[in-house]
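The structure appears below as structure tokens.
Numbering (this note's numbering), first residue to last: 262 to 434.
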């Protein structure tokens with residue numbers, strides 16, 4: 262199984278919406294060219310794993326550009342659409358929503374002030390509360406709209422997802 266792991270792509274609006282103003286576009290182009298070259302030499306990619314920070318500030322425009330780029334990269338390296346997996350990072354959070362929400366602030370303070378051993382159960386309790394759970398995931402709305410396309414969206418009743426990847430085993434002698 263051949264996996265392509267990417268992280269910290271940081272599509273940043275409004276620059277990323279115009280290749281002429283996107284100072285990071287040349288790096289993404291070179292990355293894609295390197296991936297294509299590796300695939301020519303060693304075969305297609307079975308899955309693309311994006312480990313966070315797809316966007317820079319959780320802006321919907323950043324995800325529109327990121328989705329187009331990821332789909333094109335997958336096409337170029339022979340990865341099926343269902344082989345693209347994404348998880349959010351800290352830059353995938355729309356912090357302007359966090360700054361305006363007392364519910365989020367209170368939830369974060371409660372977690373920060375809890376004993377380390379109590380934090381996981383406190384987070385579960387907060388996610389189970391309809392109002393608090395929805396508030397905690399609101400800053401990830403743009404990410405989730407993007408991630409839904411890849412069935413990788415998260416929400417209070419599914420704060421993480423899992424998938425089994427099946428290895429193509431060959432006998433080595």
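A virtual CB, placed ideally from N, CA and C, is assigned to each residue, including glycine.
> Across which residues does DSSP place residue 347 in a beta bridge pair?
Replying inline: DSSP lists 311 as partners of residue 347.
> If residue 276 and residue 269 are in contact, beta carbons under 8 Å, what's the gap, nearest whole angstrom?
Replying inline: At roughly 16 Å, the Cβ-Cβ gap does not stay under 8 Å, so residue 276 and residue 269 are not in contact.
>> Which of the three DSSP states is assigned to residue 383 in this structure?
In response: Three-state DSSP puts residue 383 in a helix.
>> Nearest by alpha-carbon distance to residue 348: which of 427, 422, 271 is it?
In response: Shortest Cα-Cα distance from residue 348 to any of 427, 422, 271 involves 422.
> Roughly how many angstroms separate the alpha carbons of residue 278 and residue 315, rounded to a whole number?
Replying inline: Approximately 14 Å between the Cα atoms of the pair.
> Is the segment 396–409 touching the segment 354–366, taking contact as three or more C-beta pairs under 8 Å?
Replying inline: The answer is yes - the segment 354–366 touches the segment 396–409, with three or more Cβ pairs under 8 Å.
>> Please list the terminal residues of the continuous beta strand (DSSP E) segment that includes residue 267.
In response: Judged by DSSP secondary structure, residue 267 falls within the beta strand (DSSP E) whose first and last residues are 264–267.
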